[in-house]
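Q: Numbering (the working numbering), first residue to last: 3 to 91.
Take a look at this one; I'll ask things after.
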């Protein structure tokens, strides 16, 4: 995925608390959103992140249920790229 100039690519290791986060709970929330967009479509936000950026992750989230925190973490690391959002970018 190509990022807007407002974004500076980072690694998951750069995210404070990433190793301690409850990825399974985060996945459950993301999965609810994945079903919600079927009835209330996602609109491109002010940073220009379009629905297409999430489409593959939403599709997979609707069809899987990670068994543990590690599987949920892998899901996020497969589908997302951490970034720093620069002010005025």
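Think of the CB as a built atom: it goes at the ideal place given N, C-alpha and C, for glycine as much as any other residue.
All values derive from a computational prediction rather than experimental measurement.
Compute the Euclidean distance between the alpha carbons of residue 87 and residue 9, then round it to the nearest angstrom.
A: Straight-line Cα distance between these residues: approximately 5 Å.
Q: Short check: CB of residue 64 to CB of residue 42, under 8 Å?
A: Cβ atoms of residue 64 and residue 42: not closer than 8 Å.
Q: Would residue 74 and residue 26 qualify as a contact pair, given that the criterion is a beta-carbon distance under 8 Å?
A: Yes, these two residues count as a Cβ contact at 8 Å.
Q: For residue 11, which residues in the same chain have their Cβ closer than 6 Å to its Cβ, ignoring the five residues on either side in sequence?
A: Only 85 meet the Cβ criterion.
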